[in-house]
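Here's the structure we're looking at; comments come further down.
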Amino acid sequence: MKSALLRLREYRDSISPTERTIADYLLDHPESAMECGVHELAERTFSSASTIIRMCRRIGFDGYKDFRRAVTYEAALRRHNEEERKEITFSDSMEEIIEKITEKNIVSLEDTRNLLDPKSLERCVEIICRSRNVLLFGLGASLLAARDLYLKFLRLNKACVINEDWHAQLLTARNATGEDVGLVFSYSGETEEVLTCMQALKENRTPVIAITRFSASPVAELADHNIYIAANESIFRSGAMSSRLSQLNVVDILYTAFANRDYEASLSQLSRTHIYKSNGRRQPGE
């Protein structure tokens, strides 16, 4: 079942002020809100039934009833684990930092799992399988996730192109064709350089898959297919910590699903591309 509150939280910053008021009320009082019909909820949030229904549809539900059913199920599932997740503070000990960061990362992975659509992932893997080249785009921490996918596909002899220099990424996009596929990594969904590359890909009719945050964003709107991730970032947001882990989790899923399409051939290829050291032993992870 779709994670209603997670979708609402991730989408909150990109909806209208009126819808944001409704979202905040639902996120702050999920269980009591679900006891309300749509008209009573409209009264409590000083909105209208049509606005609530429109907001529910915007985040992927058929209407308020569908949304309400999902929230009720989600609240029951998580009721036993509703401890407040605290932010990092100056006075935290090393033990507290370990606990808080690990918890945030675990929550981000669980939330990402709840956002992933198996059917959408299947379509993306099919496009990757049919493509002549996989063209990878991203900057900063997102580039690290893209490079990880590049190395994994390299082991399977899947043609990939990745460049750390943005101008080289743009040239790659301008040289792309409809036989290639562009994989774009952007958690924020607003990176201007990435958007420029996407526009070049679209002009060349190259299919574009975006690995991005579940939210209305320029990247999500330009992409042909979106693989949504979640992040529960700490106060040090510039470190892009849990969002990076969420992206890497999707990388592992795409790689595994791709390899699984031709299981025996993939095993043979992985064995053939192991790199042995001078002592004849295979290095761990190679």
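Take any residue in the sequence shown, note its place counting from 1, add 324, and you have its number in the numbering used here.
Ideal Cβ placement from N, Cα and C applies to all residues, glycine included.
Model, not experiment: these values are computed from the prediction.
Query: Nonlocal neighbours in the same chain, by C-beta distance under 7 angstroms from residue 349, ignoring five residues either side; Result: 357, 368 and 369
Query: Whole-angstrom distance between residue 337 and residue 390, CA atom to CA atom; Result: 22 angstroms
Query: Sheet register partners of residue 580 (DSSP bridge); Result: For residue 580, which the question treats as bridged, DSSP gives no partner whatsoever.
Query: Per DSSP, the bridge partner or partners of residue 534; Result: 508 and 550
Query: Proximity winner among 480, 523, 512 and 513, relative to residue 494 (alpha-carbon distances); Result: 523
Query: Reference residue 435, options 462, 553, 590 and 577, closest by Cα; Result: 553
Query: Cα-Cα separation between residue 411 and residue 566, rounded to whole angstroms; Result: 14 angstroms
Query: N- and C-terminal bounds of the beta strand (DSSP E) containing residue 440; Result: Element bounds for residue 440: n/a, residue is neither H nor E.
Query: Whether residue 532 touches residue 513 by CB criterion (7 angstroms); Result: no
Query: Supposed close pair residue 351, residue 332 - CB separation, criterion 8 angstroms; Result: 6 angstroms
Query: The region 585-600 in contact with the region 455-463 per 3-pair CB rule at 8 angstroms; Result: no
Query: Inside the region 426-497 only - alpha helix (DSSP H) runs reaching at least 4 residues; Result: 442-454 and 465-479
Query: Cβ neighbour criterion (16 or more within 10 Å) applied to residue 335; Result: buried
Query: Backbone secondary structure at residue 527 - three-state DSSP; Result: helix
Query: Cβ pair count under 8 angstroms reaching 3, the region 418-438 against the region 464-480; Result: no
Query: Buried versus exposed call for residue 591 [16 or more other C-beta atoms within 10 Å across all chains shown]; Result: exposed
Query: Assigned exposure category for residue 453 - 16 Cβ within 10 Å defines buried; Result: exposed
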